[in-house]
Amino acid sequence: MQYIHQSHYGQAGGFHTAKPVFAMKDNHIYEMKEGRPDTKAIFAVREGKVFATEHHPSGPSAHALFEIRGDKLHTTAYHPAHDPTAHMFEIHLGT
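In terms of the working numbering, the sequence shown is residues 592 to 686.
Written out as structure tokens, the structure reads:
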């Protein structure tokens, strides 16, 4: 299981101590609820791109909202908060 943390909070560049917001396992991303991954995946990972599923609050997406580059999640042009110069989340093993 890999955990996804927000990239911007606390001290810039410091060790991420905040709790993860998502968990990723077997090409699915789950929202964290009460410290555990939810049972329904809100995102699906296909070929390094992240798509919303039918369990996402806004419904499924036809286009990728995120792109995985190494250990970072970058928004795509289809994400409402798209910023091509930065990433939104970082992927870590463990919490």
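We treat Cβ as the ideally placed atom computed from N, Cα and C, and that holds for glycine.
State the Cα-Cα distance for the pair residue i and residue j, rounded to the nearest angstrom.
| i | j | result |
| --- | --- | --- |
| residue 667 | residue 619 | 18 Å |
| residue 671 | residue 677 | 14 Å |
| residue 601 | residue 680 | Its pLDDT being 49, under 50, residue 601 is placed unreliably by the model, and the measurement read from it follows with that caveat. The straight-line gap from Cα to Cα measures roughly 14 Å. |
| residue 662 | residue 644 | 22 Å |
| residue 610 | residue 598 | 12 Å |
| residue 592 | residue 616 | 5 Å |
| residue 629 | residue 596 | 16 Å |
For the candidate residues the options, whose alpha-carbon lies nearest to that of residue i?
| i | options | result |
| --- | --- | --- |
| residue 626 | 598, 614 and 675 | 614 |
| residue 650 | 633, 673 and 617 | 633 |
| residue 647 | 616, 617 and 622 | 622 |
To the nearest whole angstrom, what separates the beta carbons of residue i and residue j, a pair I think is in contact under 8 Å?
| i | j | result |
| --- | --- | --- |
| residue 594 | residue 683 | 5 Å |
When we look at the beta-carbon of residue i and count the other beta-carbons within 10 Å, is it buried (16 or more) or exposed?
| i | result |
| --- | --- |
| residue 675 | exposed |
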